[in-house]
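Trainee:
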Amino acid sequence: MKKTAIVIITFLLFTLSIPSQIFANDSKDSKVNESDVKITNVEDKDILKEKNTTEGLEKDEGNSPSVEKDINNQTSEKEADKSQSQSSLKTEDEPKENTQDTLDNTQDTLDNTQESEKVNPEKNESVIEKDSSTNEQENIFQEKKESDTTNETNEKSTEKKASVNTLTVPNTFSVADINKSNTSRLGHIQSESVNIYENLTDMPYITAGEKYTNQVYYIKQQAVIKGQTYYLISLEPSKTRGVVGWVKADDLSTYSHTGVDSDSKTFYIKGTGSAYNKAWGGSKNLVYGDMSKFANHKFTVHLTEAVGTNTWYRGQLNGKTIWLHEAYVKPLLKSNTSKLGHIKSERVQIYKDLGVQTSSFTAGETYTNQVYYIKEQANLEGQTYYLISLKPSRTSGVVGWVKAKDLSTYSHTGVDRDSKSFYIKGTGSAYSKAWGGSKDLVYEDMSKYANYKFTVHLTEAVGTNTWYRGQLNGKTIWLHEAYVVTHSQSHTSKLGHIVSSNVKIFTDPYSNSSYKTAEETYTNQVYYIKEQAVTNGQTYYLISIEPSRTNGVIGWVRAEDLSTYSHTSVNSNVKTFYIKGTGSAYSKAWGGSKDLVYEDMSQYINEEFTVHLTEAVGSNTWYRGKLNGKTIWLHEAYVKSYIKSNTSKLGHIKSAKVKIYNSLESESSYKTAGEKYTNQVYYIKEQAFTKSQSYYLISLEPSRVNGVVGWVKAEDLSTYSHTGVDSQQKTFIIEGTGNAYNKAWGGSKNVVYSDLSNYRNKEFVIDLTEAVGGNIWYRGQLSGKTVWIHESFLKKVIDISTFYNMTLDEMVDIQMTATPQTDKRYKLWIREDAFDSITDGVGTINNNVWNLRRGPGTMYARGGQVAANSTHHILDSSIGADEYTWYNIKYTSGWVTPDIIDLRYYLNPANFLDTFRDKLQFLKLSQTAGIDVNEVNEKILIGKGVLEGKAQAFVEASRTYGVNEIYLISHALLETGNGASALATGVKVDGDQGERIVYNMYGTGAYDDCPLLCGANYAYEQGWFTPELAIKGGARFVGENYVSEGQDTLYKIRWDPLFASNNGRFGHQYATDIRWAYKQTERMSYLYSLLNGYKLILDIPVYK
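Here the sequence shown stands for residues -24 to -1, 1 to 1080, numbered as in mature numbering (1 follows the signal peptide of the UniProt record, and there is no 0).
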């Protein structure tokens, strides 16, 4: 019994010590791996939870020091095994090039929720419910369960003996034995002999074999059973989907697996390593085994994960989703370039390995003061780097990478390999490389090589500078373009004067050893220069007393020791000039004092000078001819070829080929008119006559000084005399045809308004009248611009005024007594206390009858009444002077008495002087318009009822009775409603002559209270039994009763101001409508717009 108790106690103590040792080891391993975990994305919440759970487990399991101490000796063999296993696991390298996994933490959370543990009541064991994705694996376990039982037992027994001495481990475990927790790792099965368990209760298993090795698995759950850790491996990042089974931790190589971020990143593929379908993949996870064909391909990453301390990137490549280890991508793309560069200072860092700070070294004195070739550049995190090399190569002679900002660089390009010959100036230095530094010097002082020949066989450009490579004294050198020159000799044609007596005249321009001094012998005369030489940047001229490079030669003179001008022959045409009498005559053009023939030319003033040779010296012209038996040269300023006089014309250049001369002294100085100077008018204020030709000075302004363009031959211009007529103000009406210009007789470039139809019948007030030839042009303002219009495009308006001996106010008072009428609609107002109620904009009148007023107050005129209890819509409201609220409930209708302010407006002539239409109220109706009958029928009377086609009747009526036909047509259209009224279409009247149809076209004899009957009876009495008789009879009525009686304007017909002025009361007034005269003018204005020529006489009333 005692022995049995000892065995039991020993068993219990030993059992307690096993998980402590195992968890202690597992905890150490877990801490090493989990230290790399960084949760940087909210999608990794479940991983974070799993980590916290594991950490908590480690902490709890680590608190058994006393048990460990007590059984230390008994567990030494196990610790040795574990230590060996742990050492093997720790020293294994972490993966540097493994594959892809889509870390779907959201899905994993869902899987954790769906998975649950249940206890089998019969076996008292924990069962993991799996989804349909694990059916295949379950079948595998079911098929092998029985056959593998013996082997499984033996293997477990053997395994336990190795790890826990002689402790016997039962083949099944209860739920209480299993401690599960979440985790997040990736793992590889270490060998084909590893067991994969279906569950952790009765432990059925299969052997991994070839099928389950060489690929990576997701581990989302772990379990600890009596100190042994198991991992649940899956083909998907889930503890329920894609599950393969449970594997002992010792049989797996694992690393922590965490999401870093899902940020989009761009890399470039190096072309090394392999691509997998999961992070840290095995050979079965390969997508691309060879990445070299994808070298430098762009690789856009959309998921980043950490496997241990390694980073893996997921992205698309060639249409497939792959995972790449961080070692196989690069964040930069190199490109070729061609530059030269100098390191700016000794402190500059040079990087052997770009992007690795530890690979840098300082330039110091070793790497400065020399030029480097740059054949490659790279951009790393927005910083440009250049690869500097001692050779023109990106592989040979390479020193390292340097930041662009730390280098002075220029582009470096080959120009050509042509052979060239130069001569060394003797300045600057020679280098072993183009744009060399002090360490590249070959010859620092080039002065001893001055004038040496330098044969070039390579030319390169460094920035905008040119460098030449060639041989000098047996060495290959580079020279800047500024340090070499070319010897050149060429023909020229100049005239020159030696500037002083100290000037040296050399025998040879390339050797300054032989020369003579000019002194007095060679000064104060002009020399011909027909040859020049350039050496070392110095120009020399060969001077001669003859126009030759061989005859009369004196020697070579430096260019700066001579005053020179180009010397060219103009022509040898014969010309005739007249001597002005100024200046001097010489034996040569631009002669000096030693070349004088006649010093004083005043004695030859106005003598004829016939020229047979013309030459240009610089921009000056010289003429050679005979004078008093001697051949002389005269400057253009000393002769004249014309006689000038004043004139006043306008002109147009005839064609683009015409020449415009800058001066009459030289026909060689001119410009062609072209498009620039044609199609516009010019002022001509000066003319000149030569022996055979006349010229005009054309100008853009009426001046011979300002705005001058040049001289033009008279035959090349179209001209007319230009004279001022007067500057009196006049008024015209624009016809609507032609153009308006900014100058009289303007061209297309002078057009201000090309279409005057928009201004038809507009008033045009002019302030200047000019005559161009036999044509008259008028200047005035039009739409804010000053314009000129030809007389043919205007109709003259004659304004006269009639004065009346009364004020406008007196006339208003008189007219208010004549029962004036208006069809204007006035607002009618009612006071607030007239309403019993107002609801939703509708008011109900109380039990009284109320007056309506023309305004918000009792001081306004009455406008009718409203009945008691009637309802009205409220249109507007206003506070009156009586502080009551007044409501606008309706408007006047029909003909009503006007407000005095409206009467005054239409009575005041000043309100109708701004437009052509308004002024027609004052048109003298005794003047006929001269209309075209067909035009009026087609444009005005068509569709106008009974008046259609009746233009001839109006013309005849106008001629017979002296009444303007435009007025008659307008009046008839207004009174008949465009020919459709009853009086116009005919009314039956039974009278002395029996029943007849009568017509009345002007409403003659009709009254406001008796329009139809009275108008018809009047027509019957006058015998107007046809439309034509009515048209003519009405004209007779107007002519005899109004026009011939002095009421010869619409204004006078309506208001009869003369009678009112003489009698103090209203007189013979045709209408009561205050707007009658104004209404007539709309149609009259339109009718006048159809006419091309007429004269208007306006009689404008003027009151005191």
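Cβ coordinates follow ideal geometry from the N, Cα and C atoms, glycine included.
(1) What first and last residue would you give for the beta strand (DSSP E) that runs through L417?
(2) Which residue marks the beginning of the alpha helix (DSSP H) containing E536, and which one marks its end?
(3) Which term fits M977, buried or exposed, when burial requires 16 or more other beta carbons within 10 angstroms of its beta carbon?
(4) Secondary structure at K772, three-state DSSP: helix, strand or coil?
(5) Would you tell me roughly how many angstroms separate the C-alpha atoms of S92 and L262, rounded to the nearest one?
(6) Going by other Cβ atoms of all chains shown within 10 Å of its Cβ, with 16 needed for buried, is Q704 buried or exposed?
(7) Based on the DSSP output, what are the partners of N622 in its beta bridges?
(8) State the Cα-Cα distance for the pair S214 and V192, rounded to the nearest angstrom.
(9) What does DSSP give as the partner residue(s) for residue 1085 in the beta ladder?
(10) From G856 to I1050, what distance separates their C-alpha atoms?
(11) According to the neighbour-count rule (16 or more other Cβ atoms, all chains shown, within 10 Å of its Cβ), is F779 buried or exposed?
(12) Pull up the DSSP beta-bridge partners for L988, would you.
(13) Taking C-beta to C-beta, are I209 and V220 nearer than 7 Å?
(14) Please give the ranges of any alpha helix (DSSP H) in the segment 880 to 965, keeping only runs that are unbroken, at least 4 residues long and fully inside the region.
(15) Do you know how far the Cα of K328 is from the Cα of L338?
(16) Using 10 angstroms around the beta-carbon of A1036, count the other beta-carbons present and answer buried if the total reaches 16, otherwise exposed.
(17) Residue range of the beta strand (DSSP E) that Y516 falls in?
(18) In the structure shown, what three-state DSSP assignment does R1059 receive?
(19) Considering only residues of the same chain and omitting the five flanking positions on each side of K296, which have a CB-CB separation below 7 Å?
(20) Report, in whole angstroms, the separation of the C-beta atoms of D1075 and F898, which I expect to be a contact under 8 Å.
(21) Rounding to the nearest angstrom, what Cα-Cα distance links G247 and F270 in this structure?
(22) Ignoring anything shorter than 4 residues or poking outside the segment 995 to 1065, list the alpha helix (DSSP H) runs there in chain order.
(23) Report buried or exposed for S617, applying the criterion of at least 16 other Cβ atoms within 10 angstroms of its Cβ.
(24) Which whole-angstrom value is the C-beta distance of Y517 and L538, which I expect to be below 8 Å?
(25) Whose CA, out of G1040, S423, I195 and H473, lies closest to the CA of T502?
(26) Which residues in the same chain have their Cβ closer than 6 Å to the Cβ of E951, if we skip the five residues on either side of it in sequence?
(27) Using 7 Å as the threshold, is the C-beta distance between Y937 and R1012 below it?
(28) Where does Q579 fall in DSSP's three states?
(29) Out of K470, Q579 and V657, point me to the one whose CA is closest to W566's CA.
(30) On a Cα-Cα basis, can you pick out the residue from K633, E859 and L804 that is closest to L851?
(31) Decide if the segment 546 to 565 is in contact with the segment 597 to 614; the criterion is three or more beta carbon pairs, one per stretch, under 8 Å apart.
(32) Rounded to whole angstroms, what's the CA-CA distance from K964 to F1001? Just pull it up for me.
(33) Along the beta strand (DSSP E) that carries L162, what are the first and last residues, could you check?
(34) Hey, could you find the ends of the beta strand (DSSP E) E691 is sitting in?
(35) How would you call S524, buried or exposed, if buried means at least 16 neighbouring beta carbons within 10 angstroms?
(36) Return the CA-CA distance between E507 and A592, expressed in angstroms with no decimal places.
Mentor: By the coordinates alone:
(1) L417 to Y419
(2) Here E536 belongs to no alpha helix (DSSP H), and DSSP marks it neither H nor E.
(3) buried
(4) strand
(5) In this prediction, S92 scores a pLDDT of 33, lower than 50, which makes its location untrustworthy; no coordinate-derived value is stated.
(6) exposed
(7) E662
(8) 14 Å
(9) As displayed, the chain neither begins before -24 nor continues past 1080, which places residue 1085 out of reach and without an answer.
(10) 28 Å
(11) exposed
(12) The partner list for L988 (beta bridge, DSSP) is empty, contrary to what the question assumes.
(13) yes
(14) 892 to 895, 909 to 912, 927 to 937, 941 to 951 and 958 to 961
(15) The question names Leu, but residue 338 in the sequence shown is Thr. The alpha-carbon atoms of T338 and K328 are separated by roughly 11 Å.
(16) buried
(17) Q514 to S520
(18) helix
(19) V263
(20) 5 Å
(21) 6 Å
(22) 1003 to 1017, 1026 to 1031, 1033 to 1039 and 1052 to 1065
(23) buried
(24) 6 Å
(25) First, the residue type needs correcting, since residue 502 is Val and not Thr in the sequence shown. Checking every option, the nearest Cα to that of V502 belongs to H473.
(26) Y978 and G979
(27) yes
(28) helix
(29) K470
(30) L804
(31) yes
(32) 10 Å
(33) I154 to I165
(34) No beta strand (DSSP E) holds E691; DSSP gives it neither H nor E.
(35) exposed
(36) 18 Å
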